[in-house]
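Take a look at the structure below.
Numbering (this note's numbering), first residue to last: 15 to 161.
Structure (structure tokens):
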């Protein structure tokens, strides 16, 4: 069976990790209804030891934050974590507010221009393009643009 380019799927790297609404991407997390603690990725129960409710609801997380920390990966990941066109890349921890820090790859910036405290925004990009299965999409953070 031959699949045409129009039929190729665009698949998230992990189901339920992110979504798009009105053309804008956001991560999908959880919020505890008892204490308000945010989790990413989604949790099945509140892990706050001081919370007595433990009831969780799915929530869209902010798509902007501040770069809290980062490192540059200069080794090729093992095949399980493959990516197209590998080259050294940065992974950052972005503070999304309300006590939530999310780790993700950084994009659209030279490695020597990355600085802690930068305003970042969420974006979705292909991680792997497969001629039979289509693109596997992941979330990344890029420097915020004023639009």
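Note that beta-carbon positions come from the ideal geometry of N, C-alpha and C, so glycine has one too.
Are the beta-carbon atoms belonging to residue i and residue j less than 8 Å from one another?
| i | j | result |
| --- | --- | --- |
| residue 75 | residue 125 | no |
| residue 123 | residue 156 | yes |
| residue 84 | residue 142 | no |
| residue 134 | residue 81 | yes |
| residue 138 | residue 39 | yes |
| residue 108 | residue 148 | no |
Excluding the 5 residues flanking residue i on each side, which residues of the same chain have their C-beta closer than 7 Å to its C-beta?
| i | result |
| --- | --- |
| residue 54 | 41, 43, 75, 114 and 116 |
To which residues of the same chain is residue i closer than 6 Å at the C-beta, ignoring the five residues directly before and after it?
| i | result |
| --- | --- |
| residue 25 | 150 |
| residue 152 | 27 and 141 |
Any idea what DSSP makes of residue i, helix, strand or coil?
| i | result |
| --- | --- |
| residue 127 | helix |
| residue 19 | Reliability of the predicted coordinates at residue 19 is poor, the pLDDT of 47 falling under 50, and the value obtained from them is presented with this limitation in mind. Residue state, collapsed to three classes: helix. |
| residue 83 | strand |
| residue 56 | coil |
| residue 7 | With the chain represented from 15 up to 161, any question about residue 7 goes unanswered, as that position is not in the structure. |
| residue 68 | coil |
| residue 122 | coil |
| residue 47 | coil |
| residue 159 | coil |
Only counting the same chain, and skipping five residues up and downstream in sequence, which positions put a Cβ closer than 8 Å to that of residue i?
| i | result |
| --- | --- |
| residue 102 | 86, 87, 88 and 125 |
| residue 50 | 112 |
| residue 159 | 135 |
| residue 65 | 46, 48, 49 and 51 |
| residue 35 | 74 |
Practice item. Starting from the N-terminal side, write out each stretch of the beta strand (DSSP E) that is 3 residues or longer and does not extend beyond the stretch 92-116. Key: 103-111
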